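Numbering (the working numbering), first residue to last: 1230 to 1535.
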């Protein structure tokens, strides 16, 4: 791109940003909580720090090949169950066991990273569900960590076992199939069903009626896969009519992709956000649930994805 073109593009971006921010000012975004997204440049300050546990959410094989010094390994499979459908929230007892065995107590700061843009966010949402809010996701995940030469350790730590007491699952972060169906049958203007699967998936398998489609990838910069800035996030969602005053129910195929959307919205100041954990897989497993197909599209085909 020529210099003049770059300047024009930058000017246009700044104008759009200014317009977007002025629109944001008319909505109520919460900005009092600590950030839940951690820049990789700040990660070294947490390595080896007392009261902090760094969690690698990748597979055991990937973890063994190299990880952040002192990081414990909690793969996503350890915090989900596959009943009644794939990737559902696991039980309080299982979370207490897994967290305690990895040295995580109710006063621990948890720093999580992944390599798929989903695992760390899913851990954050899971801990939120059980009452633990001191959690951060490393922006850019393992690729960003590797670029900073922070993932060369193959030593497996043996953390002292801790006591983690999980609270009752928080209904304010979770939506059920029954609640989604109630919204479909009697739409409430103050509720938005947010489908974060791809457009291709919609054309192949339909969606929950009345849902707004917004691919979860729109939350990330395409280059380094870091989260987009808070200002850009607000603009993107406000343009789709997704405002913080409304209740937002997020779903994908099995709820994993919904997790980073939850994190990004939370970071941007949204608080009335819930994940439909059963997701589209549960929805379509019940033949009585309605499905909205694009005009002229064929009947949906069964497909299992994240």
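In this text, a Cβ means the ideal position worked out from N, Cα and C, and glycines have one as well.
Computed from a predicted model, the values in this text were never measured in an experiment.
Which partner residues of residue i appear in the DSSP bridge assignment?
| i | result |
| --- | --- |
| residue 1426 | Beta-bridge pairing links residue 1426 to no other residue. |
| residue 1521 | 1436 |
| residue 1258 | Answer is none; residue 1258 lacks a bridge partner. |
| residue 1442 | 1424 |
| residue 1301 | 1284 |
| residue 1267 | 1367 |
What is the DSSP secondary structure of residue i, reduced to helix, strand or coil?
| i | result |
| --- | --- |
| residue 1306 | helix |
| residue 1222 | Any answer about residue 1222 is impossible in this case: the structure gives the chain only from 1230 up to 1535. |
| residue 1340 | strand |
| residue 1490 | helix |
| residue 1485 | coil |
| residue 1472 | coil |
| residue 1345 | coil |
| residue 1448 | helix |
| residue 1431 | helix |
| residue 1277 | coil |
| residue 1526 | coil |
Just reading off the alpha helix (DSSP H) that residue i is part of, what are its end residues?
| i | result |
| --- | --- |
| residue 1327 | 1321-1330 |
| residue 1509 | 1508-1514 |
| residue 1464 | 1459-1468 |
| residue 1453 | No alpha helix (DSSP H) holds residue 1453; DSSP gives it neither H nor E. |
| residue 1499 | No alpha helix (DSSP H) holds residue 1499; DSSP gives it neither H nor E. |
| residue 1292 | 1289-1294 |
Kindly indicate the opening and closing residues of the beta strand (DSSP E) around residue i.
| i | result |
| --- | --- |
| residue 1476 | 1476-1480 |
| residue 1505 | 1502-1505 |
| residue 1285 | 1281-1285 |
Any beta carbon from chain B within less than 8 Å of residue i's own beta carbon?
| i | result |
| --- | --- |
| residue 1344 | As a matter of chain content, chain B is missing from the structure shown, which is built from one protein chain. |
- Item | Runs of alpha helix (DSSP H) lying entirely within the stretch 1349-1424, each at least 4 residues, in chain order | 1370-1376, 1406-1414
- Query: With contact counted as at least three CB pairs below 8 Å, one residue from each stretch, are the stretch 1297-1310 and the stretch 1406-1414 in contact?
  - Reply: no
- Item | Stretch-stretch touch, CB-based, cutoff 8 Å, three pairs: the stretch 1348-1355 with the stretch 1481-1492 | yes
- Item | At least 3 beta-carbon pairs within less than 8 Å: the stretch 1510-1519 vs the stretch 1310-1319 | yes
- Segment contact, 8 Å Cβ cut-off, at least three pairs: the stretch 1336-1344 with the stretch 1282-1293: yes
- Message: I'd like to know if the stretch 1318-1333 and the stretch 1379-1391 are in contact, where contact means that at least 3 CB-CB pairs between them fall below 8 Å.
- Response: yes
- Item | Cβ contact check for the stretch 1363-1383 and the stretch 1302-1311: 3 or more pairs under 8 Å | no
- Per the contact definition of three or more C-beta pairs closer than 8 Å, is the stretch 1367-1376 in contact with the stretch 1458-1466? no
- Task: Spell out a yes or no on whether the stretch 1419-1428 and the stretch 1474-1481 are touching, meaning 3 or more CB-CB pairs, one atom from each, closer than 8 Å.
- Result: yes
- Any contact of the stretch 1435-1443 with the stretch 1492-1504, i.e. 3+ C-beta pairs under 8 Å? no
- Okay, do the stretch 1498-1507 and the stretch 1394-1404 touch, 3+ Cβ pairs below 8 Å being the bar? yes
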